[in-house]
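Visitor: My questions all concern the structure below.
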Amino acid sequence: MSAQWGAGGTCSYKVERAGLKMAKITIDEEYCKGCTLCISFCPQKIIRTAGSISKKGYHPAELFDPEGKCTGCTLCAIMCPDAAITVYRDKKVAGDRK
Numbered sequence: 015m016s017a018q019w020g021a022g023g024t025c026s027y028k029v030e031r032a033g034l035k036m037a038k039i040t041i042d043e044e045y046c047k048g049c050t051l052c053i054s055f056c057p058q059k060i061i062r063t064a065g066s067i068s069k070k071g072y073h074p075a076e077l078f079d080p081e082g083k084c085t086g087c088t089l090c091a092i093m094c095p096d097a098a099i100t101v102y103r104d105k106k107v108a109g110d111r112k
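Numbering (this note's numbering), first residue to last: 15 to 112.
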């Protein structure tokens with residue numbers, strides 16, 4: 015697993031299981047107002063409230079996934095009223111062994 019911070023305070027994690035890339039989630043703290051709906055609906059319970067405060071004065075959500083449990087189910091993004099969450103799932107290409 016690797017974490018990368020992007021422009022505008024977005025954090026993304028890319029998860030790999032047994033050599034297969036599984037899921038990547040980004041939460042844009044500029045748009046997140048800390049409603050915690052994503053936290054409540056995440057079946058893996060890997061989203062938490064950040065300890066920091068955003069520029070707008072909210073505690074945004076953040077992904078905490080050291081074990082790579084994210085499956086890319088999109089429930090967090092569906093429940094987010096502010097569209098602050100983007101979920102990426104990598105597709106395995108036929109014949110690709112990576």
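Cβ coordinates follow ideal geometry from the N, Cα and C atoms, glycine included.
1. Identify the residues that DSSP records as bridge partners of Thr63: which are they?
2. My assumption, with CB atoms under 8 Å, is that His73 sits in contact with Thr88. Please give the rounded CB distance.
3. Output needed for Thr100: all residues of its chain with C-beta closer than 6 Å, excluding positions within five of it in sequence on either side, in chain order.
4. Please state whether the Cβ-Cβ distance between Asp42 and Ile60 is less than 8 Å.
5. When the Cα of Gln58 is compared with those of Lys83, Cys94, Ile92, Cys90, which residue comes out closest?
Guide: In short:
1. Counting from 1 along the sequence shown, the entry for residue 63 is found at position 49. Thr63 is bridged by DSSP to Ala75.
2. In the sequence shown, counting from the first residue as 1, residue 73 sits at position 59. In the sequence shown, counting from the first residue as 1, residue 88 sits at position 74. By a beta-carbon distance limit of 8 Å, His73 does not contact Thr88. Their separation comes to about 23 Å.
3. In the sequence shown, counting from the first residue as 1, residue 100 sits at position 86. Thr40, listed in sequence order.
4. Locating residue 42 in the sequence shown gives position 28, where the first residue counts as 1. Locating residue 60 in the sequence shown gives position 46, where the first residue counts as 1. No, the pair does not count as a contact, with Cβ atoms beyond the cut-off.
5. Translated into positions along the sequence shown, residue 58 becomes position 44. Nearest in C-alpha terms to Gln58, of all of Lys83, Cys94, Ile92, Cys90, is Lys83.
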